[in-house]
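For reference, the structure discussed in these notes is given below.
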Amino acid sequence: FSTYIIDLCMSLSLAATLSTSAALLLESRRSLLALPVLVTPLCARSDEVLHILDYPKQGSCGEALIPDAGIPFVKAFGGLESGSCASAGYSVKEGEENGTGERDKDRTYTVYGKG
Numbered sequence: 762f763s764t765y766i767i768d769l770c771m772s773l774s775l776a777a778t779l780s781t782s783a784a785l786l787l788e789s790r791r792s793l794l795a796l797p798v799l800v801t802p803l804c805a806r807s808d809e810v811l812h813i814l815d816y817p818k819q820g821s822c823g824e825a826l827i828p829d830a831g832i833p834f835v836k837a838f839g840g841l842e843s844g845s846c847a848s849a850g851y852s853v854k855e856g857e858e859n860g861t862g863e864r865d866k867d868r869t870y871t872v873y874g875k876g
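Per the working numbering: the sequence shown ends with 876, consecutive numbering throughout.
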């Protein structure tokens, strides 16, 4: 059942981003019209604030909002930890910077210093 819900959630997300012609095709299937309303609570996604020390700038703390699905990956391979930079003793906001790695160069980090 959970695999079906995940597949359905992904299909609904994709349908929301497809062109108008694809959306019209979905509208012609009357049995699917109620599904987005019924499935939305099951498809809810959340983000979590994670931090990493000495990144993206040496001597500071980078804080980012990570989508729920990516959290296990960035914790295991990216060195990010749960919580804000303030929880690690970095509370003075210094600005924002993009990541410096190939996989996170489009992610914006809020950078904090110790002050």
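Ideal Cβ positions, reconstructed from N, Cα and C, are used throughout, including at glycine.
Since the structure is predicted, the reported quantities are computational estimates derived from the model, not experimental observations.
query	result
Val872 beta carbon less than 7 Å from that of Glu858	yes
Leu877 burial status per 10 Å Cβ neighbour count (16 or more: buried)	Nothing can be reported for residue 877, as the shown portion of the chain is limited to 762 through 876.
Closest Cα partner of Gly862 within the set Glu842, Gly844, Lys818, Gly856	Lys818
Pro833, enclosing alpha helix (DSSP H) - first and last residue	832-838
7 Å Cβ cutoff met for Ile813 and Gly823	yes
Neighbourhood of Glu842 by C-beta distance below 8 Å, restricted to the same chain and skipping five residues each side	Leu811, His812, Ile813, Lys836, Ala849
Secondary structure of Leu785, DSSP reduced to three states	Its pLDDT being 37, under 50, Leu785 is placed unreliably in this model, and the value from its coordinates should be taken loosely. Helix.
Per-residue DSSP class, three states only, for Asp815	coil
Outcome for Gly839 when other beta-carbon atoms lying within 10 angstroms are tallied against a minimum of 16	buried
heavy atom of the ligand NAD below 6 Å from Leu826 C-beta	This structure simply doesn't include the ligand NAD, nor any ligand for that matter.
Assumed close pair Ile827, Asp815 - CB separation to whole angstroms, cut-off 8 Å	Incorrect: roughly 18 Å between the Cβ atoms, too far for contact.
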